[in-house]
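J.: Residue numbers (my numbering): 5 to 140. A single structure is presented below for examination.
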């Protein structure tokens, strides 16, 4: 959470529309330099002066119902401080789209109704204990 002075300074810097957008989706106001956008449309920012350590990099997701699988592996390494250069500046990370990589994001369906559920055909080794009360 930010202080009132920092919030007012950020409001002046980023504008009212972006302030509302950040409060809606991030819950805090941040200002920084735009680094790049990935092929999914996510925008990556960095601010080294004002932010706390390990909170200087953030992403503005294109899809508003976001999950961490929307970040590409190279950008994930940059966001996690594993590499110093973002993939847009690193020549090793600037590679073409491989044949097996998806061209658009497919969401993770783990906690949804569409999640994979196994069908078990084997009999359980143990059965649940059912207490039987005898009449007195």
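Glycine residues also receive a C-beta, built at the ideal position from the N, C-alpha and C atoms.
I'd like to check one pair, residue 40 with residue 90: are the Cβ atoms closer than 8 angstroms?
T.: Yes, they are a contact pair.
J.: According to DSSP, is residue 140 part of a helix, a strand, or is it coil?
T.: Note: residue 140 maps to coil in three-state DSSP.
J.: Starting from the Cα of residue 119, find the closest Cα among 127, 110 and 125 and give me that residue.
T.: Answer by Cα proximity: 110.
J.: Would you mind working out which of 74, 17 and 112 sits nearest residue 142, comparing C-alpha positions?
T.: No information on residue 142 is available, as it lies outside the stretch 5 to 140 that the chain covers here.
J.: Whole angstroms are fine: how far does the CA of residue 114 sit from the CA of residue 135?
T.: About 36 angstroms.
J.: Between residue 53 and residue 126, what straight-line distance do the alpha-carbon atoms span, to the nearest angstrom?
T.: Taking the straight line from one Cα to the other gives about 60 angstroms.
J.: Where in the region 74-106 do unbroken runs of the alpha helix (DSSP H), each at least 4 residues long, occur, reported from the N-terminal end onward?
T.: Taking only runs of at least 4 residues, the alpha helix (DSSP H) segments lying wholly in the region 74-106 are 77-83.
J.: Have a look at residue 35 and residue 105 and give me their C-alpha separation to the nearest angstrom.
T.: Near 32 angstroms, if we compare the C-alpha coordinates of residue 105 and residue 35.
J.: State the start and end residues of the unbroken alpha helix (DSSP H) segment that holds residue 23.
T.: Looking at the DSSP string, the run of the alpha helix (DSSP H) that includes residue 23 is 20-29.
J.: Given residue 83, which residues of its chain have a CB within under 6 angstroms of its CB, disregarding the five upstream and five downstream residues?
T.: Same-chain partners within the cutoff: 61.
J.: Less than 8 angstroms separating the beta-carbons of residue 18 and residue 33?
T.: Yes.
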